[in-house]
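**Student:** Each number in this note's numbering comes from the position in the sequence shown (counting from 1) with 181 added on.
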Amino acid sequence: MDCKYENDYGSQTVKTPGTAQVRRSSKDLQIVCLKDGNADAKGTAISRANGGMAGNILFGGGIGAIIDHNKGTAYTYPEWLRLVTDRQTTFDRRDDKDGAPNIGLMPTVATSK
182 MDCKYENDYG SQTVKTPGTA QVRRSSKDLQ IVCLKDGNAD AKGTAISRAN GGMAGNILFG
242 GGIGAIIDHN KGTAYTYPEW LRLVTDRQTT FDRRDDKDGA PNIGLMPTVA TSK
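(1) Helix, strand or coil, according to DSSP, for residue 276 in the structure here?
(2) Determine the DSSP secondary structure at residue 195, reduced to helix, strand or coil.
(3) Would you please state the rounded distance, in angstroms, between the beta carbons of residue 193 and residue 201? I believe it to be under 8 Å.
(4) Between the alpha carbons of residue 198 and residue 188, how many angstroms are there, rounded?
(5) Quick check: what's the CA-CA separation for residue 226 versus residue 203?
(6) May I ask which residues mark the beginning and end of the beta strand (DSSP E) holding residue 200?
(7) Per DSSP, residue 256 is paired with what?
(8) Which word fits residue 278, buried or exposed, when buried means at least 16 other C-beta atoms lie within 10 angstroms of its C-beta?
(9) Here's the rule I'm using: 16 or more other beta-carbon atoms within 10 Å means buried, otherwise exposed. How should residue 183 be labelled?
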């Protein structure tokens, strides 16, 4: 499948199975995977503030937090996602487990184009 990853910093496409280097952002990551003859697989990876943001606020003051926020480095997405065709799935890094794909939350039937 061809998967498109997109946030406010841009988009890229990768073939599955594959790995994508995504620029972090405070905005959620939208993912759509397409293959002729198959239903779309869609997902949203929730952007969460990471430990660096808290460290900036506690030890570096607000300036470091503002810089990291603006660059997107203060945020993290889930590390390993598993999308399912004909589903719209939401992924939260709080559900990440080392060595296993994040299966997502409350998948629902997606509407294909």
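Every residue gets a Cβ at the ideal spot worked out from N, C-alpha and C, and that includes glycine.
**Tutor:** According to the structure data:
(1) Numbered from its first residue, the sequence shown carries residue 276 at position 95. DSSP places residue 276 in helix when its eight states are reduced to three.
(2) Locating residue 195 in the sequence shown gives position 14, counting from the first residue. Strand at residue 195.
(3) To locate residue 193, count along the sequence shown from 1; it is residue 12. To locate residue 201, count along the sequence shown from 1; it is residue 20. That pair is a contact at about 6 Å.
(4) Here residue 198 is taken as the residue at index 17 of the sequence shown, counted from 1. Here residue 188 is taken as the residue at index 7 of the sequence shown, counted from 1. Rounded to whole angstroms, residue 198 to residue 188 spans 21 Å at the Cα level.
(5) The count along the sequence shown starts at 1 and reaches residue 226 at position 45. The count along the sequence shown starts at 1 and reaches residue 203 at position 22. Rounded to whole angstroms, residue 226 to residue 203 spans 11 Å at the Cα level.
(6) One-based indexing of the sequence shown puts residue 200 at position 19. Per DSSP, residue 200 belongs to no beta strand (DSSP E) and is neither H nor E.
(7) The sequence position of residue 256 within the sequence shown is 75, counting from 1. Note: residue 256 sits in a beta bridge opposite 230.
(8) By 1-based counting over the sequence shown, the position of residue 278 is 97. Classification of residue 278: exposed, given that the 10 Å Cβ count is below 16.
(9) Indexing the sequence shown from 1 puts residue 183 at position 2. Classification for residue 183: exposed.
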